[in-house]
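These notes are about the structure you will find just below.
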């Protein structure tokens with residue numbers, strides 16, 4: 001039975017951020033994830049986790065200037081020192097929050113820029129991040145993202161992400177498999193899950209194409225949930241979707257799973 005984590009950056013936006021933890025717990029979630037914690041002291045977030053009996057599944061390392069449109073710095077030439085500082089900041093939070101997965105965003109590449117140069121920087125930065133995280137028992141994950149949602153994102157395909165992890169060769173560097181992004185770029189989700197399961201460190205879901213609840217759209221999630229179980233994946237499945245209406249009102253799809261787990 002999959003273990004679901006509520007993504008508090010997209011879900012429960014009816015509430016202030018620190019109040020979303022209690023809302024998720026009331027609906028039966030046992031874990032949460034979100035994009036970034038850095039606007040709040042780590043101790044304040046940890047208190048919300050503890051008060052509501054929640055595990056922290058995942059969050060992202062600082063992505064550069066998010067408000068200005070940046071979406072990560074890991075592949076950006078000339079930003080290596082900033083990237084290293086961002087990893088140290090993220091690890092400081094992870095030590096407090098207790099999560100063992102950290103997502104590192106690749107960043108954007110312009111058509112005129114050298115993909116080879118970006119890839120070289122990406123490999124070196126990921127090797128650094130994995131080594132820095134290893135002492136804390138943290139797995140660094142990289143995520144292929146579709147270019148409809150984030151035009152120009154450096155990493156788009158599952159096979160490329162797996163090849164990068166293999167080339168870096170760190171045991172704690174894996175792929176964050178977001179079925180929503182993969183369906184848009186590649187499809188053939190079941191085959192890719194079977195092919196890559198050993199290299200998958202975290203899974204996320206959303207309906208396709210509107211990124212609403214996973215029972216809306218073109219993807220047969222009940223089949224994929226059964227497959228994920230059969231493949232032996234025991235990590236969290238992050239619900240990274242935008243509720244079509246209220247968050248709690250749209251949770252009919254998950255209640256049978258939560259009831260079975262309880």
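Residue numbers (the UniProt record's numbering): 1 to 262. Just so it is clear, CB atoms sit at the ideal spot from N, CA and C, and this is done for glycine as well. If you're wondering where the values come from, they're calculated on a predicted model, not measured in any experiment.
Item to check | Given 8 Å, three or more beta-carbon pairs between the stretch 42-51 and the stretch 109-118 | outcome: no
Checklist entry - Taking C-alpha atoms, which residue in 171, 65, 218 lies nearest to residue 83? => result 65
Checklist entry - If residue 167 and residue 123 are in contact, beta carbons under 8 Å, what's the gap, nearest whole angstrom? => result 6 Å
Item to check | Classification of residue 148 by the beta-carbon crowding that lies within 10 angstroms, buried from 16 upward | outcome: exposed
Item to check | Cross-strand partners of residue 103 (DSSP beta bridge) | outcome: 60, 141
Checklist entry - Tell me, which residues are paired with residue 178 by DSSP? => result 204
Item to check | CA-to-CA distance, residue 254 to residue 209, given in whole angstroms | outcome: 19 Å
Next on the checklist: What does the alpha-carbon distance come out to for the pair residue 108 and residue 211?
Outcome noted: 22 Å
Checklist entry - With burial defined as no fewer than 16 other Cβ atoms inside 10 Å of the residue's Cβ, what is the status of residue 20: buried or exposed? => result buried
Item to check | Euclidean distance between Cα positions of residue 200 and residue 112 | outcome: 31 Å
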